[in-house]
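The structure appears below as structure tokens.
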Amino acid sequence: MTVAHQVAGCSATGSGPGGRRHRRPRGPKEWRTLARAVPLCLLPLSILGCGGGRPEPQGSERQEPAGASAVVTQKNSVTTQYDAQGKPLWTASAQRLTLRRSSKTAEMAGATCKLYSNGALAWSCRAARLLANQETQKLTLLGGVTGRSADGTRSFVASSATWDAASGQIAANQGATFDLGGVKLSGGALQVNTKDGSWSMTGQPPAARSSGQGGSSEARGAGQ
Amino acid sequence: MTRSHRALATATGLLALTLAPLAVSAPQADAPTMTGKGFTVTASRFRALPAGKAKGAGTEVQAIGNVKLVSDRGTATAPRVDFLLAAGQRLDRATAAGPVHFVAKLAAKKGSPNPEPTATFSGQTFTYTRAKDQSVLSGGVQVEARLGDGSTLTGSSDQAVLNHATGEARFQGHASVTKFDATTKAAVFTLRNLESLTVNLKDGTIEGLPPSGSQVEANVTTPQKPKSKG
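Here it is as structure tokens:
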């Protein structure tokens, strides 16, 4: 399943903000790109494989020549990836979306994403850039990353983070700040699990420390 | 290389050798820190169990590796400390395991010779409970204290219970203490192998004994209860 096919499988509509709502997927691991910008036109069949009769992008979309390197860009998009059961894994709205057909990746600028656990909203995140890999089901958030749990009790700030949809693990870079609603943790690498709510913050591994003090084994075992 | 250069190089080398141990024992600048109302914790790692595995109400956080807890009640260091954070994110309970050191911070009465008495406890386990405002150490407890009356005290017991509000430290099980005079530094008395003994760290008084400063009997070595001394 190519990226182009994913796009074709998506419902490209001028739905506006309402485009955030989820639609039933047409197959496993399906991405849906819902353009919020006004009138969207049909993407050419040669590239996207869409059925006819749909609006074409007007200025908001651009695509390069067909083939393995085909790239589709779109403004004000909403993208959702679903699991095999048709439940949303994540949804991202972005000011600018770039879909790369060959690598099955999407890059989004000015992104806001929602991370789901078993179909229920678990965390919401923001980042300057978001890289989504359809095959690995991983999101990479870069630049001014912030996240907040759905119940509002936890939040974090980091310069970069990744999220693995399969394990539900958010891994934020060293120097992340984690807020437990009054109690703050800072100075370490953060891992938060969107599925079971567990989290950990770990200092740099001993090799990176000059002091060589204890606690190194715990530091290595942070990835749970 | 001139003589002054050699001297400078030697001095630099000596300085480096002198500071090297300090660098090893210095706090980890990159250690994660947890900060809440009235407390700060540094550790190699913090973690919280999955929601379903938490034992009770509140947020349970485990700090592992070179843990240092600093609060308005004192400073505790241990390899591992478990915290229970209450709603409002106050520290409800802290439980430490492994060799634990706890330096209690107390406030003496105004006009006391030592306005900031401190007591350094060491043991195998440590528990602070905010509801009772007390710290409990157990497992070969050793204590060194600078009391509010200016005197010093050393001791040991199986367990020590410190009430932070009153400043009373109750030593239980094979309790032995020696109190030293504030000025002469000489041992005022030694009490050994008692079942229980209570010392007020704020004013230096020992339950059942006259106020500190008045020498009761030097080097009392036979097991006996403090009340028999009065």
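Note that the protein sequences, when read in sequence, are chains A and B. The numbering used here applies: residue 256 is where the first sequence begins, and numbers increase by one. The numbering used here applies: residue 7 is where the second sequence begins, and numbers increase by one. Using N, Cα and C, we set each Cβ at its ideal position, and we do this for glycine too. Every value quoted in this text rests on a predicted model; they were computed, and no experiment measured them.
| Check | Outcome |
| --- | --- |
| Assigned secondary structure, Q68 of chain B (DSSP; H/G/I helix, E/B strand, else coil) | strand |
| The region 109-117 of chain B touching the region 84-91 of chain B, judged by at least three CB pairs closer than 8 angstroms | no |
| 6 angstroms CB neighbourhood of L207 of chain B in its chain, flanking five on each side removed | L112, P123, A125, A151, L153, G173 and A175 |
| Whole-angstrom distance between A49 of chain B and P56 of chain B, CA atom to CA atom | 20 angstroms |
| Pair within 8 angstroms by beta-carbon distance, Q392 of chain A and A421 of chain A | yes |
| Backbone CA spacing between A480 of chain A and M363 of chain A [nearest angstrom] | Given that chain A is displayed from residue 256 to residue 479, the structure contains no residue 480 of chain A and the question cannot be resolved. |
| Beta bridge counterpart(s) of Q392 of chain A as assigned by DSSP | DSSP output for Q392 of chain A lists no bridge partner at all. |
| C-beta neighbour in chain B for G402 of chain A, strict 8 angstroms | no |
| CB contact flag (Q68 of chain B, D88 of chain B, <8 angstroms) | yes |
| Chain B contact for G407 of chain A (CB, 8 angstroms cutoff) | no |
| Through-space distance from I70 of chain B to A427 of chain A, alpha-carbon basis | 19 angstroms |
| DSSP three-state assignment for T449 of chain A, whether helix, strand or coil | coil |
| D164 of chain B: first and last residue of the uninterrupted beta strand (DSSP E) it sits in | T158 to N169 |
| Cut-off 6 angstroms between Cβ atoms - residues of its own chain near T346 of chain A, not counting five sequence neighbours on either side | T335 and K369 |
| Residues bridged to N240 of chain B [DSSP beta-bridge criterion] | Only positions 7 to 236 of chain B appear in this structure, which leaves residue 240 of chain B out of reach. |
| Beta strand (DSSP E) runs contained entirely in the region 396-451 of chain A, provided each spans 3 or more residues | 410-419, 424-434 and 439-448 |
| is_contact[S455 of chain A, chain B] using C-beta, thresh 8 angstroms | yes |
| Cβ-based contacts, 8 angstroms cut-off: residues of the region 43-57 of chain B near chain A | K43, A49, S50, R51, F52, R53, A54, L55, P56 and A57 |
| S202 of chain B to L445 of chain A span [Cα, whole Å] | 46 angstroms |
| T401 of chain A beta carbon less than 8 angstroms from that of P38 of chain B | no |
| Close Cβ partners of T432 of chain A (< 6 angstroms) along its chain, the five nearest in sequence each way excluded | V412 and S441 |
| A92 of chain B: first and last residue of the uninterrupted beta strand (DSSP E) it sits in | Element bounds for A92 of chain B: n/a, residue is neither H nor E. |
| Burial state of D250 of chain B, where buried means 16 or more other Cβ atoms lie within 10 Å | Residue 250 of chain B lies beyond the range of chain B shown here (7 to 236); nothing can be said about it. |
| Cβ-based burial, P343 of chain A [other Cβ within 10 Å; buried from 16] | buried |
| Min CB distance L143 of chain B to chain A below 8 angstroms | no |
| Cα-Cα separation between T160 of chain B and K116 of chain B, rounded to whole angstroms | 24 angstroms |
| Rounded straight-line distance, which links the Cα of Y134 of chain B to that of N373 of chain A | 39 angstroms |
| Close Cβ partners of G365 of chain A (< 8 angstroms) along its chain, the five nearest in sequence each way excluded | A349, Q350, R351 and A383 |
| Classification of A339 of chain A by the beta-carbon crowding that lies within 10 angstroms, buried from 16 upward | exposed |
| Unbroken beta strand (DSSP E) run spanning R356 of chain A, endpoints | No beta strand (DSSP E) holds R356 of chain A; DSSP gives it neither H nor E. |
| Where the beta strand (DSSP E) through L42 of chain B begins and ends | Sequence inspection shows Gly at residue 42 of chain B; the Leu mentioned does not correspond to that position. T39 to G42 is the span of the beta strand (DSSP E), which, as asked, contains G42 of chain B. |
| Buried versus exposed call for S357 of chain A [16 or more other C-beta atoms within 10 Å across all chains shown] | exposed |
| Buried versus exposed, by CB contacts within 10 Å (16 or more), A54 of chain B | buried |
| Chain B within 8 angstroms of D419 of chain A, Cβ atoms only | no |
| Separation of G436 of chain A from G398 of chain A, as counted between CA atoms | 23 angstroms |
| Where L197 of chain B falls: helix, strand or coil (DSSP) | strand |
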